[in-house]
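The numbering of the sequence shown is our numbering, which starts it at 9 and goes up by one.
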Amino acid sequence: MNFDFQSQDLAAAAQEKCDALLVLVPDGVRTGRSPLDLLVAQAIKDGDLDTKGPKPLSAYRSGQVKADRLVLVGIAGGSAAQVRAAVAAALALVKSPKLKRLVVAFAAPAQEAALRAAAVAVADGSYVFTHTKSKPTPRTLTAVRLCAPESTVFAVQGRTDIQRRVEATVAGMELAKEWANRPANHATPTMLGKAARDLVKAAGSSRFSCEVLGPAQVAKLGMGAFMAVAQGSSEPLRFIVLRYNGAAKTAAPTVLVGKGITFDSGGISIKPSGEMDEMKFDMCGAASVLGTFKALTLLKPKINVVGLIPSCENLINGQAVKPGDVVTSMSGQTIEILNTDAEGRLILCDALTYAERFKPSVVVDVATLTGACVVALGSIRSGLFSPDDVLAKALLEASERSQDPVWRMPLDDDYAEGLKSNFADVANIAGRMAGSVTAAKFLQRFAEKFAWAHLDIAGTAWKSGPQKGATGRPVPTLVEFVCSRSENA
Ligand code: BES
Ligand code: MN
Ligand code: ZN
9 MNFDFQSQDL AAAAQEKCDA LLVLVPDGVR TGRSPLDLLV AQAIKDGDLD
59 TKGPKPLSAY RSGQVKADRL VLVGIAGGSA AQVRAAVAAA LALVKSPKLK
109 RLVVAFAAPA QEAALRAAAV AVADGSYVFT HTKSKPTPRT LTAVRLCAPE
159 STVFAVQGRT DIQRRVEATV AGMELAKEWA NRPANHATPT MLGKAARDLV
209 KAAGSSRFSC EVLGPAQVAK LGMGAFMAVA QGSSEPLRFI VLRYNGAAKT
259 AAPTVLVGKG ITFDSGGISI KPSGEMDEMK FDMCGAASVL GTFKALTLLK
309 PKINVVGLIP SCENLINGQA VKPGDVVTSM SGQTIEILNT DAEGRLILCD
359 ALTYAERFKP SVVVDVATLT GACVVALGSI RSGLFSPDDV LAKALLEASE
409 RSQDPVWRMP LDDDYAEGLK SNFADVANIA GRMAGSVTAA KFLQRFAEKF
459 AWAHLDIAGT AWKSGPQKGA TGRPVPTLVE FVCSRSENA
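Dropping the structure here:
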């Protein structure tokens with residue numbers, strides 16, 4: 009999807025030839041004298057347009073604009089959330105297979121945050137999943153112009169800069185959504201490996217590379233915890249290593265690790281059947297690493313980045329790992345697997361140990377790790393865990409800037425008490441309480457050799473219910489984080 013940002017007023021927006029024009033109207037807007045301005049003013053005066061929004065008012069081939077369809081919608085104070093809701097409501101009215109070119113015009117000067125919110129909402133509202141439909145009606149919307157009058161934001165930060173960052177973020181989110189939404193039989197570990205390879209090929213740059221390890225290589229590395237999860241499935245595991253070299257060879261890389269469980273049945277500690285289909289989304293961490301690399305191919309920032317994706321199914325066959333089994337991780341630590349459904353931490357711990365070889369500047373892992381995190385934070389904020397205040401602050405700030413919020417959670421050592429085992433160095437579960445924290449405490453044991461943070465995206469990576477589907481989170485946070493590290497380097 010092509011975005012284009014312009015500094016223009018409603019008079020200019022009205023002259024745009026497009027399939028639909030959305031006009032975003034804040035409280036107390038001061039309208040000009042053009043026919044479209046007068047129409048907006050009249051609609052407010054007559055009480056037909058509520059600037060408090062988001063109740064869109066729509067028209068077909070109205071004389072005031074060149075667009076076929078016109079929608080006016082209120083954005084109240086113009087916050088990111090208000091803009092997002094208004095665009096979603098307005099877009100729903102004009103969404104059709106004929107919609108190819110869209111113009112979104114702010115009736116008053118807008119900040120970068122509002123422009124970004126509008127762009128992401130347009131991408132979100134027009135996304136369609138077609139991969140497994142027999143008669144797909146694909147998205148036709150390709151060109152989106154966002155405009156606001158007197159946009160000083162462009163003068164300060166540069167129109168193309170904002171445009172590139174937003175475009176790359178949206179492209180990354182869309183790749184993440186696409187792979188996350190694919191059902192487990194259409195998104196196996198092998199297919200994810202191919203997706204990573206294809207991404208690197210499409211980048212057409214020697215700065216990107218990809219290596220996909222299989223069962224024999226993973227066994228040789230001694231990844232006993234990862235192998236234990238994979239052994240209950242006939243689908244072979246994959247360990248994907250993505251690399252981007254945008255800085256000097258000697259510059260320590262930022263490492264991103266994504267949980268890639270393509271289906272989580274729970275294993276012998278089997279999950280209840282209700283909504284078990286949603287466990288196809290248990291590779292959203294992996295998808296967000298792929299999405300972030302997609303954005304890197306478009307932005308090419310001056311930084312080195314490594315993406316690590318341990319990927320397998322958590323299923324049940326005669327070889328499946330059993331509760332009580334003790335396995336040896338790549339780090340040498342032995343793990344008593346008391347619950348086979350706590351598998352994410354088992355594949356991540358070996359990936360974290362593998363990360364040591366890159367002598368990373370920081371390691372951030374991303375995982376749909378615990379139902380407990382959903383209980384704690386719902387679907388609004390992802391859980392952020394890090395013993396490193398500087399790293400935590402950088403991630404928090406990146407998440408706020410990118411409108412993909414996280415919330416810092418505690419990591420006191422007392423929380424690790426329940427992970428003690430009589431038969432191994434550590435158990436893979438603790439008690440019922442503070443489940444997202446004890447999971448993070450488990451991971452922390454394997455992340456002592458570098459600055460580390462963990463994002464639990466179990467509540468934010470996808471939506472349930474009638475709107476069931478991946479969100480593309482936390483790609484915005486990761487892209488913003490990586491780019492800010494390159495700027496500060
Ligand atoms: N993939 C799940 C976490 C999950 C559950 C994400 C529901 C989103 C919605 C993870 O592998 C898991 O099963 N975790 C267990 C851990 C428990 C056994 C300690 C959980 O959260 O119940
Ligand atoms: Mn599980
Ligand atoms: Zn899982």
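For each residue, glycine too, the CB sits at the ideal point set by N, CA and C.
What you are looking at is a predicted structure, and each value in this text was computed from that prediction instead of being measured.
Would DSSP call residue i helix, strand or coil?
i	result
C3	Beyond the ends of the chain as shown, which are 9 and 497, falls residue 3; an answer cannot be given.
G443	helix
K471	strand
A259	coil
D45	helix
E495	helix
G180	helix
V329	coil
I269	strand
F454	coil
V208	helix
S296	helix
L57	coil
L264	strand
R365	helix
R190	coil
P197	helix
E351	coil
I276	coil
Report yes if the C-beta of residue i is less than 7 Å from at least one heavy atom of ligand 2; otherwise report no.
i	result
N436	no
N322	yes
G352	yes
Exposed or buried, residue i, counting other C-beta atoms within 10 Å across all chains shown (16 or more means buried)?
i	result
N436	buried
P139	What sits at residue 139 in the sequence shown is His, not Pro. Its Cβ having fewer than 16 others within 10 Å, H139 is exposed.
V383	exposed
E321	buried
T196	buried
G332	exposed
F431	exposed
Y252	buried
A402	buried
M441	exposed
E186	buried
H462	buried
K143	exposed
D422	exposed
I285	In the sequence on display, residue 285 carries Asp and not Ile. D285 should be labelled exposed.
S277	buried
Q50	exposed
G85	exposed
What does DSSP give as the partner residues of residue i in its beta bridges?
i	result
Y3	Since the displayed the chain opens at 9 and closes at 497, residue 3 lies outside it and no answer follows.
W460	V371
N10	A151
A233	In the DSSP output, where bridge partners are listed per residue, A233 has none listed.
P344	Correcting the residue identity first, residue 344 is Glu in this sequence and not Pro. Answer is V334 and A435, bridged to E344.
L65	L80
A478	W470
V33	G82
L221	F247
A28	R77 and L110
S3	Residue coverage of the chain in this structure runs from 9 to 497, which leaves residue 3 outside it and unanswerable.
Looking at ligand 1, does it come within less than 7 Å of residue i, judged from the CB to the closest heavy atom?
i	result
A89	no
D2	No answer is possible for residue 2: the residues shown for the chain start at 9 and end at 497.
N347	yes
A236	no
G86	no
V382	yes
G266	no
With respect to 7 Å, is the separation between the Cβ of residue i and the closest non-hydrogen atom of ligand 3 below this value?
i	result
E219	no
D285	no
D290	yes
D272	yes
I269	yes
T376	yes
E120	no
Complete alpha helix (DSSP H) runs within the segment 368-424 (minimum length 4 residues, chain order): 379-385 and 397-409
- prompt: At what residue ranges does the segment 111-176 contain a whole run of the beta strand (DSSP E), taking only runs of 3 or more?
  reply: 151-156
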